[in-house]
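Scroll down for the structure; my scribbles are underneath it.
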Ligand SMILES: [Zn+2]
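Below you can see the structure in the form of C-alpha cells.
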C-alpha cells in the first residue's frame, strides 16, 4: 500500500511538495484523518508526507487561518487540489495560501520555516525546485 501512495503522489510530499527523490530518507505515509479520530487505514485516507509535515501535522485536522483567525479544515490531498489552495512566491521559495484552507495548512505545518527556505533555495539552484507543474505567483 505504501508503494501505491508514493506513486499516486508522484513522490511529492502532498502538503509542501518537497520531492522524495532528493531526500536521504523515504517520506512517511500520513493518515489524513488520524486513526485516533476515526480515520481509516485505506488509500483514500492516506497521503505521502515528508517527515517535517507529518510531524507538524501530528493528529491535527484543522488549524487557524491567520487572515481571519478562524478555525479551518487543513488541506486534504484526497478531496482538495493543491493548485486551488497554494502557489509558490515569485522566487518560488515560499508557499502562499490562496484560501483559508491553504493559509491554515501553511500555518499549522510551518511550511515556510527558515530551514526549508534554505533547502528550497539550494534545490532551486540545481533545478530540483519547484515541481514542474506547480504554479508560481505572478507579480
Ligand atoms: Zn512536506
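In the numbering used here, the protein residues as written are 1432 to 1570.
Ideal placement from N, C-alpha and C gives every residue a C-beta, glycine not left out.
In terms of Cβ geometry, residue 1536 and residue 1527 do not form a close pair [threshold 7 angstroms].
Rounded to whole angstroms, residue 1562 and residue 1554 show a C-alpha spacing of 11 angstroms. A contact is defined here as three or more CB-CB pairs under 8 angstroms, and the stretch 1472-1480 meets this definition with respect to the stretch 1504-1522. Beta-bridge partners assigned by DSSP to residue 1504: 1493. The alpha-carbon separation between residue 1437 and residue 1452 amounts to approximately 11 angstroms.
Note that the C-beta distance between residue 1539 and residue 1494 is below 7 angstroms. Burial state of residue 1440 is buried, judged by a 10 Å Cβ sphere holding 16 or more other Cβ atoms.
Between residue 1454 and residue 1547, the alpha-carbon positions lie close to 13 angstroms from each other. A distance below 6 angstroms between beta-carbons, with the five flanking residues on each side excluded, links residue 1560 to the following residues of its chain, in chain order: 1551, 1554. Take the alpha-carbon of residue 1460 and the one of residue 1512: they are about 18 angstroms apart. The beta carbon of residue 1465 is closer than 6 angstroms to those of 1490 in its chain, skipping five residues each way along the sequence. Look at residue 1529 here: in three-state DSSP terms it is coil, with no helix or strand label.
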